[in-house]
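K.L.:
In my numbering, the protein residues as written are 1 to 283. Note that the Cβ used here is the ideal one computed from N, Cα and C, for glycine as well. Below are the structure tokens for one structure; questions will follow.
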Amino acid sequence: MSTVTREPASVPAHQLPTVPMQEHALGASTRPFPLVRHSLSLAKRSLIKTWRTPEALIDVTLQPAIFLAIFAYIFGGAVAGSTHDYLQFLLPGILAQTIAQAAISIGVNLNTDLEKGIFDRFRSLPIPRSAPLVGAVLGDVVRYVIVTMSTLLVGYAMGFRLQGGVLSMLAGCLLAVAFALSLSWVSVFVGMKARTSGAVQGIMFLVVMPLSFASSVFVTTSSLPAWLQGFVRANPLTHLVDAMRGLFLGGPVAGPVLWTLAWCAGLLVVFVPLAMRAYRRRV
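What follows is the structure, encoded as structure tokens:
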């Protein structure tokens, strides 16, 4: 007896069961805003790294205390007539100087990660290519907040008193953090271009130091030599210091705040694309 083999009846294509499409192993997620989501996840990684190495915050937390003590107690009487009066003038300047210097570390850390091959590992993950860079910058914002709050606490313990109210204080703090975030992209760009982390630190030091001392951080602009006043008035750190003095102590606010925001926008417009381009070429 012969066996009859029957072929299965063909099923129309429109009746075939559908199988959900899997995400490509190396592609971006189909969920909305993958860059934002992955950047925030990697920012959390940076925060955990900072939490596990709190000694990395020693310089940015102790430096404002040291600078306030040195300049207020040693030079306060000569500059302003009394330590208390000079402290009121000095603290916004020290805050601006310290938070600008805090923005240097992001470029140094990113350059170190490049040398260690950490970004090569990120390339094998199903995340947007720029997410590790954006996440590192966002994670560094916490350092800027810590710097701002620690400087205000030290100043308050030494005798500094706010005159503008809580909302003005918060506005001044947010402005300082925004400026540091904008300046950090300069450090990121240098970190992507420089060959060593030491070179990054040296280059950024040459950028931040002239901005700090050729500004209204320690003295009023009018007390400086006439040939230097033009640079001081154009200095973004001067605008930030004047804005915080107006918000913390009372005084002109609109002009300095607008100039500071304009500088923040300009730094972002110029250096974010440059940093991203350098990052894609380096990684």
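#1: Run the CB neighbour count on MET192, radius 10 Å, all protein chains shown included, and call it buried at 16 or more, exposed below.
#2: Please classify ALA194: is it buried, with 16 or more other beta-carbons within 10 angstroms of its beta-carbon, or exposed?
#3: Are the segment 179-189 and the segment 68-87 in contact at 8 Å, needing three or more beta carbon pairs?
#4: Measuring alpha carbon to alpha carbon, tell me which residue in GLN63, ASP140, ILE58, ASP242 is nearest TRP185.
#5: With the cut-off set at 8 Å, would you say VAL208 and ALA96 are in Cβ contact?
#6: Given this structure, state the Cα-to-Cα distance separating VAL217 from ARG129, to the nearest angstrom.
#7: Output the residue ranges of the alpha helix (DSSP H) runs that lie fully inside the segment 130-187 and measure 4 residues or longer, sorted by chain position.
#8: Once the 5 residues before and after CYS264 are set aside, which same chain residues still bring their CB inside 7 Å of it?
#9: Between LEU170, VAL272, PRO92, which has its C-alpha nearest SER187's C-alpha?
#10: Measuring only the C-alpha atoms, how far is LEU206 from PRO252?
#11: May I ask you to report which of helix, strand or coil DSSP gives GLY250?
#12: Express the C-alpha separation of TRP227 and PRO64 in angstroms, rounding to a whole number.
#13: Under the three-state reduction of DSSP, which class applies to PHE119: helix, strand or coil?
#14: For the alpha helix (DSSP H) containing THR83, name the first residue and the last one.
#15: Checking 8 Å against the spacing of the C-beta atoms, do THR221 and ARG233 come in under that value?
#16: Verify whether the separation of the beta carbon atoms of VAL257 and LEU175 is less than 8 Å.
#17: Could you give the residue range of the alpha helix (DSSP H) that holds LEU224?
#18: Which of helix, strand or coil does DSSP assign to ASN111?
#19: Quick one: what does DSSP say ALA69 is sitting in, helix, strand or coil?
#20: By Cβ distance below 6 Å, which residues in the same chain neighbour LEU268 in space, the five residues on each side in sequence not counted?
#21: Quick one: using the 10 Å Cβ neighbour count with 16 as the cut-off for buried, is ALA157 buried or exposed?
#22: How many angstroms separate the CA atom of GLY117 from the CA atom of LEU138?
#23: Pick helix, strand or coil for PRO210, following the three-state DSSP scheme.
#24: Are the CB atoms of ALA214 and ASN235 within a distance shorter than 8 Å?
#25: Does the Cβ of GLN163 have 16 or more other Cβ atoms within 10 Å, making it buried, or fewer, making it exposed?
#26: Identify, in the order they occur along the chain, each residue of the same chain with its Cβ nearer than 7 Å to the Cβ of THR83, setting aside the five sequence neighbours on each side.
#27: My guess is that THR98 and VAL147 are in contact by the Cβ rule of under 8 Å, so how many angstroms apart are they, rounded?
P.N.:
To lay it out plainly:
#1: buried
#2: buried
#3: The answer is no - the segment 68-87 does not touch the segment 179-189, with fewer than three Cβ pairs under 8 Å.
#4: The closest CA to that of TRP185, considering only GLN63, ASP140, ILE58, ASP242, is found on ASP140.
#5: no
#6: 39 Å
#7: Counting whole runs of 4 or more residues, the segment 130-187 contains the alpha helix (DSSP H) stretches 131-158.
#8: So the qualifying residues of the chain are ALA178, PHE179, SER182.
#9: SER187 has its Cα closest to that of VAL272, out of LEU170, VAL272, PRO92.
#10: 30 Å
#11: coil
#12: Near 29 Å, if we compare the C-alpha coordinates of TRP227 and PRO64.
#13: In this structure, DSSP gives PHE119 a helical state, which the three-state scheme calls helix.
#14: 83-102
#15: Cβ distance < 8 Å, so THR221 and ARG233 count as in contact.
#16: yes
#17: Premise fails: LEU224 is in no alpha helix (DSSP H) and is neither H nor E.
#18: helix
#19: helix
#20: SER182
#21: exposed
#22: 21 Å
#23: Helix, per DSSP.
#24: yes
#25: Exposed, because fewer than 16 other Cβ atoms sit within 10 Å of the Cβ of GLN163.
#26: In its chain, beyond the 5 residues on either side, ALA72, TYR73, GLY76, GLY77 have a beta carbon closer than 7 Å to the beta carbon of THR83.
#27: 6 Å between Cβ atoms; contact.
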